[in-house]
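For reference, the structure discussed in these notes is given below.
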Amino acid sequence: MSNNNIQIFDTTLRDGEQVPGCKLNTEQKLVIAEQLDELGVDVIEAGFPVSSPGDFKSVEEISKIVKNATVCGLTRSVQNDIKVAAEALKYAVKPRIHTGIGTSDSHIIHKFKTTQEDILQRAFAAVKYAKSFVEDVEFYAEDAGRTDNEFLARVCETAIKAGATVLNIPDTTGYCLPSEYGAKIKYLKENVKGIEKAILSCHCHNDLGLATANSIEGVINGARQIECTINGIGERAGNTALEEVVMVLKQHPYLDLDTNINTSMLYGMSQLVSDSMGIYTQPNKAIVGSNAFAHSSGIHQDGVIKNRETYEIIDPKDVGVTDSAIVLTARSGRAALAYRAKKVGYELTKLQLDEVYADFLSFADKKKEIDDSDIHQIIEKSKLYQ
Ligand code: KIV
Ligand code: ZN
Numbered sequence: 001m002s003n004n005n006i007q008i009f010d011t012t013l014r015d016g017e018q019v020p021g022c023k024l025n026t027e028q029k030l031v032i033a034e035q036l037d038e039l040g041v042d043v044i045e046a047g048f049p050v051s052s053p054g055d056f057k058s059v060e061e062i063s064k065i066v067k068n069a070t071v072c073g074l075t076r077s078v079q080n081d082i083k084v085a086a087e088a089l090k091y092a093v094k095p096r097i098h099t100g101i102g103t104s105d106s107h108i109i110h111k112f113k114t115t116q117e118d119i120l121q122r123a124f125a126a127v128k129y130a131k132s133f134v135e136d137v138e139f140y141a142e143d144a145g146r147t148d149n150e151f152l153a154r155v156c157e158t159a160i161k162a163g164a165t166v167l168n169i170p171d172t173t174g175y176c177l178p179s180e181y182g183a184k185i186k187y188l189k190e191n192v193k194g195i196e197k198a199i200l201s202c203h204c205h206n207d208l209g210l211a212t213a214n215s216i217e218g219v220i221n222g223a224r225q226i227e228c229t230i231n232g233i234g235e236r237a238g239n240t241a242l243e244e245v246v247m248v249l250k251q252h253p254y255l256d257l258d259t260n261i262n263t264s265m266l267y268g269m270s271q272l273v274s275d276s277m278g279i280y281t282q283p284n285k286a287i288v289g290s291n292a293f294a295h296s297s298g299i300h301q302d303g304v305i306k307n308r309e310t311y312e313i314i315d316p317k318d319v320g321v322t323d324s325a326i327v328l329t330a331r332s333g334r335a336a337l338a339y340r341a342k343k344v345g346y347e348l349t350k351l352q353l354d355e356v357y358a359d360f361l362s363f364a365d366k367k368k369e370i371d372d373s374d375i376h377q378i379i380e381k382s383k384l385y386q
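Just so you know, the sequence shown maps onto residues 1 to 386 in full-length UniProt numbering.
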């Protein structure tokens, strides 16, 4: 792995599956895991094995079929969680245990009713115990986004001393600004003793719509793993969207940060996850929404027909979308009508187009969107063909 390679840690099947009302069965999880492996993710977080027998079984079955990616199971800093996760991961070619504990004052005082020193001891013990089962141990400092940086650095040093290979810095509540999150990662890179023995990981939630921006700031400032989900699904406002961070890095090559993702699978992956979970992405969702490559206003359509790049920064084929869509509405111009008419077999002269355009507009005023059969009808009914 080059120093500029960003590891993609997919948690669709763990943090993503925490969406209210969504439950995948083991079969559905296996299909998604297989596709994630093909997509090229580096790590698949397959579940939280101690949470239920079903989750244990899913992690165990996924461990058996995944060929390339590391398979990871989540635990709390609790011995039994770690033992159960190790058991569920025993068939994985590359197993990883993801253990951790809350580190913000809010978690220490209200959730654990304890002290910072006790949190450090629990963190050390959990990583050490996990290391007795697997070599690859990731430590998460829950609510790191609201944890004081000096204490967070001590937590990271403790986890590294116990053998952690990855340090996850979650903005659990999606509170940080991109500049703050980036500065936090930079601070840890510069102040944690032994940091060269581990990589820093971004795990950002989307409560303020900043998950993608925060993850990108994290990697610009030295993190080398991004934790994300397909379509950005997850509890509350969700997690960082995998397709967004991957395409941000791809479309900005001067950042010199790349991933191992086969981007032409992104659209299909998004559809698979939506369909399996019964959660539909909003039409304007970046990269994979149904309108992400659709143009409906006359000015934009004219520009795109002349040169796609006028209004598109991504070639739709790069993410697995066959083509840009020129949507015909009452706001479309002659260029769009001529373009769509040609696609269905009518090569219109300028004069013919003027003629048909008037009929098209009165038709379009009555209908939201004009489809191919409407185009046939409008042209066939026009004076041109009488
Ligand atoms: O958001 C979070 O803090 C988490 C951890 C459990 C990794 O999902
Ligand atoms: Zn999370």
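We treat Cβ as the ideally placed atom computed from N, Cα and C, and that holds for glycine.
Query, Result
"Kindly identify the DSSP beta-bridge partner or partners of VAL71.", "ILE44 and PRO95"
"If you check the beta carbons only, do THR259 and ILE32 fall under 7 Å apart?", "no"
"How long is the line joining the alpha carbons of VAL71 and LYS64, rounded to whole angstroms?", "10 Å"
"Candidates ALA86, GLN35, GLY40 and ASN68: which alpha carbon is nearest GLY47's?", "ALA86"
"For GLY298, collect the residues of the same chain with a Cβ closer than 7 Å to its Cβ; drop the 5 residues on either side in sequence, then sort them by chain order.", "ARG331, SER332, GLY333 and ALA336"
"Would you check if the segment 10–19 and the segment 250–267 touch, i.e. whether three or more CB-CB distances between them fall below 8 Å?", "no"
"For LYS94, count neighbouring Cβ atoms within 10 angstroms of its own Cβ and tell me buried if that reaches 16, exposed if not.", "buried"
"Say the cut is 6 Å; is the CB of ASP15 nearer than that to a heavy atom of the ligand ZN?", "yes"
"Buried or exposed: which applies to residue 409, given that a residue is buried once 16 or more other Cβ atoms fall within 10 Å of its Cβ?", "Nothing in the structure corresponds to residue 409, since the chain is present only between 1 and 386."
"Leaving out five residues on either side along the sequence, give the residues of the same chain with a beta carbon under 6 Å from the beta carbon of THR240.", "CYS204, ALA211, THR212, SER215 and CYS228"
"If we ignore side chains and look at the alpha-carbon of each, how far apart do ASP171 and VAL327 end up?", "39 Å"
"Throw me the rounded Cβ distance for the GLY163 and LYS189 pair, which I believe falls under 8 Å.", "Going by Cβ atoms, the distance from GLY163 to LYS189 rounds to 20 Å, so no, they are not a contact pair."
"Quick one: does the C-beta of PRO170 sit closer than 6 Å to a heavy atom of the ligand ATP?", "In the structure shown, the ligand ATP is absent; the only ligands present are the ligand KIV and the ligand ZN."
"Identify which residue in VAL78, LEU39 and GLU60 has its Cα closest to the Cα of ALA69.", "LEU39"
"DSSP state of ALA338, grouped into three classes?", "helix"
"In whole angstroms, what is the alpha-carbon distance linking LEU167 and VAL288?", "30 Å"
"Contact check, THR114 vs THR75 under 8 Å by CB: the rounded distance?", "About 19 Å; that fails the 8 Å criterion."
"Would you tell me roughly how many angstroms separate the C-alpha atoms of TYR181 and TYR175, rounded to the nearest one?", "9 Å"
"Would you check whether the ligand KIV has a heavy atom nearer than 6 Å to the C-beta of TYR181?", "no"
"Residue range of the alpha helix (DSSP H) that ALA123 falls in?", "116–131"
"PHE293 by DSSP, collapsed to three states: which one?", "coil"
"I need the DSSP call for PHE112, collapsed to helix, strand or coil.", "coil"
"In angstroms, rounded to a whole number, what distance separates the CA positions of residue 387 and ILE119?", "There is simply no residue 387 to check, as the chain begins at 1 and stops at 386 in what is shown."
"Could you give the first and the last residue of the continuous alpha helix (DSSP H) run that contains LEU188?", "178–191"
"Using 8 Å as the threshold, is the segment 100–109 in touch with the segment 141–153, meaning 3 or more CB pairs across them?", "yes"
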